[in-house]
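**Q** Just add 416 to the spot in the sequence shown (first one is 1) and you have our numbering.
Just so it is clear, CB atoms sit at the ideal spot from N, CA and C, and this is done for glycine as well.
Handing you a structure now.
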Amino acid sequence: MANKAYKFRLYPTQEQEQLLAKTFGCVRFVYNKMLEERIQIYEKFKDDKEALKQHKFPTPAKYKRDFPWLRANYPRFYRQALEKLARAQRVLSRRRKGSNRWHKQRLTVAQLHEKIANQRQDFLHQAARQLANRYDAVVIEDLNMKGMSQALHFGQSVHDNGWGMFTSFLQYKLAEQGKQLIKIDKWFPSSKMCSCCGRVKVSLSLSERLFCCECGFVADRDTNAAINIKKEGLKQLGTA
């Protein structure tokens, strides 16, 4: 029997659009914080591989504790599912390994993992569809998430952020409408370049969250990078 697929078009309200925008901002903030801390930890223990392996790297959950406003900007259903999974994992850790109760709890945890994965995929589909419907072209940085994960020992937490899945969804949804996803080369100095005068800084540490240029231009680091990415994307489109 042939498989069937169904497509549903969503029309988000203004409130839902704002939530999506806030969510993307939160994801960017958490990613930058994780990257900053992991680089610092790596630099501290890079000469002691055993200590580096044993060190516990920060996870997204840490920042939700440190920055309560992050909790309010994630989809409620997803937040609740993650909390339920955390409780189930704590129960599993208290069960005697190999016992019937342990096997049942392990199955519960696996089912929750699958549910969360499906919820996340559905959310990424919706977010990608909204962008594809709204814009004729979308410009992003071509980040090598796998390489960054291996180099900085990110582990599963980076792969779990769904960035690769989201960009794949976005690319084919744009293509369906004859639109483009433009990927800016990962070596493009989006963060180090001044979006006002074009001057490129020799170095820029992750702890510097405010971009300050000799020309007098001052802006949030991510805002400056986003402007540069947009300009480069327009050049590639031939509309700059």
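Where are the beta strand (DSSP E) runs, 3 residues long or more, that stay fully inside the segment 500-541, in chain order?
**A** Listed in chain order, there is nothing to give.
**Q** Please work out which residues of its chain come closer than 7 Å, Cβ to Cβ, to E708, disregarding the five sequence neighbours upstream and downstream, and give them in chain order.
**A** Within the shown structure, residues of the chain are numbered from 417 to 656, placing residue 708 beyond reach of any answer.
**Q** Between which two residues does the beta strand (DSSP E) holding D636 run?
**A** Here residue 636 refers to the residue found at position 220 when the sequence shown is read from its first residue. Run containing D636: V634 to D636, per the beta strand (DSSP E) assignment.
**Q** On the premise that V525 lies in contact with L498, defined as a C-beta separation below 8 Å, what is that separation, rounded to the nearest angstrom?
**A** Mapped onto the sequence shown, residue 498 falls at position 82. Mapped onto the sequence shown, residue 525 falls at position 109. With a Cβ gap of about 12 Å, L498 and V525 do not count as contacting.
**Q** Can you list, in chain order, the residues of its chain whose CB lies under 6 Å from that of M609, leaving out five sequence neighbours each side?
**A** Residue numbering aside, residue 609 sits at position 193 when the sequence shown is read from its first letter. Excluding residues within five positions, the ones whose Cβ falls inside 6 Å are V616 and N644.
**Q** Can you check which of these residues, A641, A642, C613 and R625, is closest to C631 by C-alpha distance?
**A** Counting from one through the sequence shown, the residue named residue 631 turns up at place 215. Among A641, A642, C613 and R625, the Cα nearest to that of C631 is on C613.
**Q** I want to know whether the segment 517-524 touches the segment 551-558 - three or more CB-CB distances under 8 Å.
**A** Counting Cβ pairs under 8 Å, fewer than three are found: no touch.
**Q** Starting from the Cα of M581, find the closest Cα among N549, D538 and S619 and give me that residue.
**A** Position 165 of the sequence shown, counted from the first residue, corresponds to residue 581. Ranking the options by Cα distance to M581, first place goes to D538.
**Q** Can you give the beta carbon distance from G654 to I600, rounded, assuming they're within the 8 Å contact cut?
**A** One-based indexing of the sequence shown puts residue 654 at position 238. One-based indexing of the sequence shown puts residue 600 at position 184. Not really, about 15 Å apart at Cβ, beyond 8 Å.
**Q** With burial defined as no fewer than 16 other Cβ atoms inside 10 Å of the residue's Cβ, what is the status of S606: buried or exposed?
**A** For this step, residue 606 is matched to residue 190 along the sequence shown. The residue in question, S606, is buried, as its Cβ has 16 or more Cβ neighbours within 10 Å.
**Q** Who pairs with C631 in a beta bridge, going by DSSP?
**A** What you label residue 631 is simply residue 215 of the sequence shown in a count that begins at 1. DSSP output for C631 lists no bridge partner at all.
**Q** Does Q596 come out as helix, strand or coil in the three-state DSSP assignment?
**A** To locate residue 596, count along the sequence shown from 1; it is residue 180. Looking at Q596 - three-state DSSP - the assignment turns out to be strand.
**Q** Which residue wins for smallest C-alpha separation from D482, given the options F445, K531 and C628?
**A** To locate residue 482, count along the sequence shown from 1; it is residue 66. The shortest Cα separation from D482 among F445, K531 and C628 belongs to F445.
**Q** Looking at the unbroken beta strand (DSSP E) that takes in E624, where does it start and where does it end?
**A** As a position in the sequence shown, residue 624 is number 208, starting the count at 1. First-last for E624: undefined, no H or E at that position.
**Q** Would a C-beta distance cut-off of 8 Å place L540 and G578 closer than the cut-off?
**A** Taking the sequence shown and counting its residues from 1, one reaches residue 540 at position 124. Taking the sequence shown and counting its residues from 1, one reaches residue 578 at position 162. Contact: yes.
**Q** Please identify the residue among Q505, A533 and R510 whose C-alpha is closest to the C-alpha of L523.
**A** The sequence position of residue 523 within the sequence shown is 107, counting from 1. Residue Q505 is the option with its Cα nearest to L523.
**Q** Leaving aside the five residues before and after A720 along the sequence, list all residues of the same chain whose C-beta is less than 7 Å from its C-beta, in chain order.
**A** In the structure as shown, the chain starts at 417 and stops at 656, and residue 720 therefore has no counterpart that could be examined.
**Q** Mark L597 as exposed unless 16 or more other C-beta atoms lie within 10 angstroms of its C-beta, in which case mark it buried.
**A** Your numbering for residue 597 matches position 181 in the sequence shown. The residue in question, L597, is buried, as its Cβ has 16 or more Cβ neighbours within 10 Å.
**Q** Apart from the five residues on each side of it in sequence, which residues of its chain come closer than 8 Å, Cβ to Cβ, to K602?
**A** Indexing the sequence shown from 1 puts residue 602 at position 186. Taken in chain order, the residues that qualify are E557, D558, L559 and N560.
**Q** Return the bridge partner residues of E557 from the DSSP annotation.
**A** As a position in the sequence shown, residue 557 is number 141, starting the count at 1. Answer is I600, bridged to E557.
**Q** Hey, Y589 and A553 are a contact pair by Cβ (cut 8 Å); roughly how many whole angstroms apart?
**A** Your numbering for residue 589 matches position 173 in the sequence shown. Your numbering for residue 553 matches position 137 in the sequence shown. For clarity, residue 589 is Lys in the given sequence; the question names Tyr instead. Actually they are not in contact, since the Cβ atoms of K589 and A553 sit about 13 Å apart, beyond 8 Å.
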